[in-house]
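In the numbering used here, the protein residues as written are 5 to 558. By construction, the Cβ of each residue, glycine as well, lies at the ideal position given by its N, Cα and C atoms.
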């Protein structure tokens, strides 16, 4: 992958050539149509505006004196859409300490120690990706344990889901966290039996430390963007719905898009917790299709709760494996609705993070209230629930009734299956990661990965969607396999329906005439490949708007 990223970065630094008319032939083409039906073709004609003019058999396409590209019999398909990712966070993660692959706490501490020793000038030691469940620790790690790796400088490491952080004693001292520090609203300071903070902060409590961590400067933000864009293009992702655009990221993306230097498309969800940023956006209104559709900011990201792994997801009844807690709702019903209403009245799609069944119920009630108050002015914005992981069975039909899109991440199911049923028990698990139940209840599903929480590979996402298995094919029968998607449904959720979730169904997601020529050439057909083969799909070329922005080298 490293070589491929270097090649993609070279293309980015050189600048993509302007779109031109082009005829791609000798392809095994596939796309869905506007109704989700599969269309096969062997030639695709692109106009000088970078949009598809025609698809079909080569002999059937209008003749013309335009350049031709021989696809060499490879599969040509729409560029994939990740409906929930974090672009700059992915780039930053690739350039920082990551603990995702550490097998246990001992290995993690060794990696932290080595990383800190290699950076003696760094004021803070930062990184993330730890997962106490994967370490089979049975508890959260502690500040005292982290002190054995680095004692003198503050250390702050986010959990793999981004909903908890691990601090050493120095970081806790800088943040002024002690036994008398109260839990903030929507957050929790983990404490020992005597009431002393242990070093792990959950959800809103993370801000107690994070406000002291130096922010990335402009050069670091730009480097994160370039690193992430190169990786995503090499994976065949041509559009990302970025779930939490900061004011600084918005400024960078506007500059890049206006200058024609943003090689993939980003549909932004503004970070709703930044009230100053939100006030400016509400005054200015949504941004649409800057840089020939490369950057749009017309959604707002809000949080209803935390995550299942750290027991911050808000449940209607106590956790099955921790009867003393039900998780955390970040805001009261009235406060969340007020935020939702302000964004919707300003014309922004409202996308609410909700993982637990209590949080999903709170978000659904808010969207229903907006529909009653504003009618089509609200429902036409295509509001979304991000994650929609654990849903009470009676609440499933409410998605369709309120016209709320379920934005789900297939690899979350296969990553969480080692602990999800422990958390919620055998009854509630029936409404968890329940993709077929949502579809049968009339909901629209859009799929993504939530990178860098999960790896960004859409092929891993498609594989997880159709198998409900991990990369090793476990469990053999699939985890609650009856909720798996079929291959066409899975492709739909990463293309057509994901485009709809970003108000872009007339522009991206399909390769029918009039759509932007965002396509990829790959080495196998995702609709006919075996699951094991699907997981190993290689992207050979990536095109955005009729311009080649990535090419794999032998």
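Beta carbon of residue i nearer than 9 Å to that of residue j
{"i": "residue 445", "j": "residue 388", "result": "no"}
{"i": "residue 36", "j": "residue 492", "result": "yes"}
{"i": "residue 354", "j": "residue 362", "result": "no"}
{"i": "residue 531", "j": "residue 82", "result": "no"}
{"i": "residue 123", "j": "residue 164", "result": "no"}
{"i": "residue 211", "j": "residue 162", "result": "no"}
{"i": "residue 439", "j": "residue 540", "result": "no"}
{"i": "residue 190", "j": "residue 310", "result": "yes"}
{"i": "residue 253", "j": "residue 213", "result": "no"}
{"i": "residue 449", "j": "residue 409", "result": "yes"}
{"i": "residue 139", "j": "residue 160", "result": "no"}
{"i": "residue 45", "j": "residue 27", "result": "no"}
{"i": "residue 370", "j": "residue 341", "result": "yes"}
{"i": "residue 47", "j": "residue 60", "result": "yes"}
{"i": "residue 86", "j": "residue 498", "result": "yes"}
{"i": "residue 55", "j": "residue 379", "result": "no"}
{"i": "residue 173", "j": "residue 187", "result": "no"}
{"i": "residue 109", "j": "residue 149", "result": "yes"}
{"i": "residue 508", "j": "residue 300", "result": "yes"}
Length of the line joining the Cα atoms of residue i and residue j
{"i": "residue 171", "j": "residue 154", "result": "11 Å"}
{"i": "residue 323", "j": "residue 396", "result": "14 Å"}
{"i": "residue 428", "j": "residue 412", "result": "18 Å"}
{"i": "residue 135", "j": "residue 111", "result": "12 Å"}
{"i": "residue 91", "j": "residue 244", "result": "8 Å"}
{"i": "residue 51", "j": "residue 71", "result": "11 Å"}
{"i": "residue 202", "j": "residue 193", "result": "8 Å"}
{"i": "residue 393", "j": "residue 425", "result": "12 Å"}
{"i": "residue 478", "j": "residue 417", "result": "13 Å"}
{"i": "residue 547", "j": "residue 49", "result": "13 Å"}
{"i": "residue 1", "j": "residue 330", "result": "The shown model of the chain, from 5 to 558, leaves out residue 1, and the question about it has no answer."}
{"i": "residue 16", "j": "residue 226", "result": "Summary for residue 16: the model assigns pLDDT 48, below 50, so the residue's position carries little reliability; its value from the coordinates is reported in the next sentence. Spanning the two alpha carbons is a distance of roughly 12 Å."}
{"i": "residue 356", "j": "residue 399", "result": "16 Å"}
{"i": "residue 570", "j": "residue 64", "result": "In this structure the chain extends from 5 to 558, so residue 570 is not present and cannot be described."}
{"i": "residue 518", "j": "residue 335", "result": "43 Å"}
{"i": "residue 350", "j": "residue 207", "result": "28 Å"}
{"i": "residue 223", "j": "residue 391", "result": "32 Å"}
{"i": "residue 77", "j": "residue 29", "result": "8 Å"}
{"i": "residue 292", "j": "residue 269", "result": "12 Å"}
{"i": "residue 141", "j": "residue 107", "result": "11 Å"}
{"i": "residue 557", "j": "residue 98", "result": "22 Å"}
{"i": "residue 473", "j": "residue 182", "result": "43 Å"}
The alpha helix (DSSP H) enclosing residue i, as first and last residue numbers
{"i": "residue 349", "result": "337-349"}
{"i": "residue 376", "result": "361-378"}
{"i": "residue 70", "result": "Here residue 70 belongs to no alpha helix (DSSP H), and DSSP marks it neither H nor E."}
{"i": "residue 91", "result": "91-98"}
{"i": "residue 231", "result": "222-238"}
Collapsed DSSP secondary structure at residue i in the structure displayed
{"i": "residue 126", "result": "coil"}
{"i": "residue 437", "result": "coil"}
{"i": "residue 205", "result": "strand"}
{"i": "residue 170", "result": "strand"}
{"i": "residue 265", "result": "coil"}
{"i": "residue 504", "result": "helix"}
{"i": "residue 194", "result": "strand"}
{"i": "residue 546", "result": "strand"}
{"i": "residue 416", "result": "helix"}
{"i": "residue 305", "result": "strand"}
{"i": "residue 106", "result": "coil"}
{"i": "residue 45", "result": "strand"}
{"i": "residue 556", "result": "coil"}
{"i": "residue 467", "result": "helix"}
{"i": "residue 57", "result": "strand"}
{"i": "residue 10", "result": "Confidence in residue 10 is poor, its pLDDT being 48 and thus under 50, which makes the residue's placement too unreliable to answer from."}
{"i": "residue 287", "result": "helix"}
{"i": "residue 144", "result": "coil"}
{"i": "residue 16", "result": "With a pLDDT of only 48 at residue 16, under the threshold of 50, the placement of this residue in the model should not be trusted; the figure read from the coordinates follows. Residue 16: helix per DSSP, three-state reduction."}
Endpoints, beta strand (DSSP E) assigned at residue i
{"i": "residue 152", "result": "Element bounds for residue 152: n/a, residue is neither H nor E."}
{"i": "residue 390", "result": "388-391"}
{"i": "residue 588", "result": "Residue 588 is absent from the structure shown; the chain starts at 5 and stops at 558."}
{"i": "residue 33", "result": "32-36"}
{"i": "residue 163", "result": "159-163"}
Contact belief for residue i with residue j at Cβ below 8 Å, rounded distance in angstroms
{"i": "residue 297", "j": "residue 262", "result": "That pair is no contact at about 13 Å."}
{"i": "residue 251", "j": "residue 281", "result": "4 Å"}
{"i": "residue 542", "j": "residue 527", "result": "5 Å"}
{"i": "residue 179", "j": "residue 216", "result": "6 Å"}
{"i": "residue 487", "j": "residue 437", "result": "6 Å"}
{"i": "residue 525", "j": "residue 494", "result": "The Cβ separation is near 20 Å, so there is no contact."}
{"i": "residue 38", "j": "residue 516", "result": "7 Å"}
{"i": "residue 572", "j": "residue 442", "result": "Outside the shown range of the chain (5 to 558) lies residue 572, about which nothing can therefore be said."}
Contact with chain D by residue i, beta-carbon distance below 9 Å
{"i": "residue 52", "result": "Considering every chain present, this structure includes no chain D. It has just one protein chain."}
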